[in-house]
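Per my numbering, residue 77 is the first one in the sequence shown, and the count goes up by one each step.
Don't be surprised by glycine CBs; every beta carbon is placed ideally from N, CA and C.
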Amino acid sequence: MPTVSPSIRRKPRRFNHESRLLIGALVVAVPAVSALGIVLFRASGEPSGKLLLFGIVLLGTLALAVNLRQRAVYPLRTMANLLEALREGDYSLRGSNSRRDDAIGEVIIEINTLSQTLREQRLAVEEKSA
Numbered sequence: 077m078p079t080v081s082p083s084i085r086r087k088p089r090r091f092n093h094e095s096r097l098l099i100g101a102l103v104v105a106v107p108a109v110s111a112l113g114i115v116l117f118r119a120s121g122e123p124s125g126k127l128l129l130f131g132i133v134l135l136g137t138l139a140l141a142v143n144l145r146q147r148a149v150y151p152l153r154t155m156a157n158l159l160e161a162l163r164e165g166d167y168s169l170r171g172s173n174s175r176r177d178d179a180i181g182e183v184i185i186e187i188n189t190l191s192q193t194l195r196e197q198r199l200a201v202e203e204k205s206a
């Protein structure tokens with residue numbers, strides 16, 4: 077976990093970014109799952125079968141929401157680790173799987189470029205002083 081200067085720390089929020097992503101994904105799914113529940117329980121058939129199907133849909137929705145959260149958070153953690161390495165003077169780390177066709181990929185490419193530039197500048201300074 078990156079260390080943060082006391083002057084940069086902010087008042088903690090009730091929910092962190094990861095939790096807000098998960099809650100947002102679940103809120104988006106509530107109308108569809110509710111509509112399915114209404115349709116299922118108004119339909120004729122075995123109540124236990126309807127309950128089982130509804131439970132499967134709920135678990136699937138929760139699993140998809142958790143997966144969405146993980147897919148959104150992983151690149152952010154990667155970027156935080158890359159920036160921490162740069163701050164500590166380690167210019168050897170690179171972000172991988174970066175593509176120019178999405179915003180996060182562009183940021184990782186720019187962090188990689190910054191790392192390469194800082195490395196080259198440090199080598200130039202070392203060569204001049206030698």
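Per-residue DSSP class, three states only, for residue i
| i | result |
| --- | --- |
| residue 130 | helix |
| residue 156 | helix |
| residue 121 | coil |
| residue 143 | helix |
| residue 161 | helix |
| residue 206 | coil |
Extent of the continuous alpha helix (DSSP H) run through residue i
| i | result |
| --- | --- |
| residue 169 | Residue 169 -> no alpha helix (DSSP H), and no H or E assigned at all. |
Separation of residue j from residue i, as counted between CA atoms
| i | j | result |
| --- | --- | --- |
| residue 132 | residue 122 | 16 Å |
| residue 118 | residue 98 | 30 Å |
Would you say the segment 90-101 touches the segment 125-133, given that touching needs at least three Cβ pairs under 8 Å? The segment 90-101 vs the segment 125-133: no contact.
Unbroken beta strand (DSSP E) runs of length 3 or more, entirely within the segment 178-203: which are they? Uninterrupted beta strand (DSSP E) stretches at least 3 residues long and entirely within the segment 178-203 do not occur.
Examine the Cβ distances between the segment 185-202 and the segment 162-171 and report whether three or more of them are shorter than 8 Å. Touching, per the Cβ criterion.
Counting Cβ pairs closer than 8 Å, one from the segment 150-159 and one from the segment 101-116, do we hit at least three? These segments do not touch.
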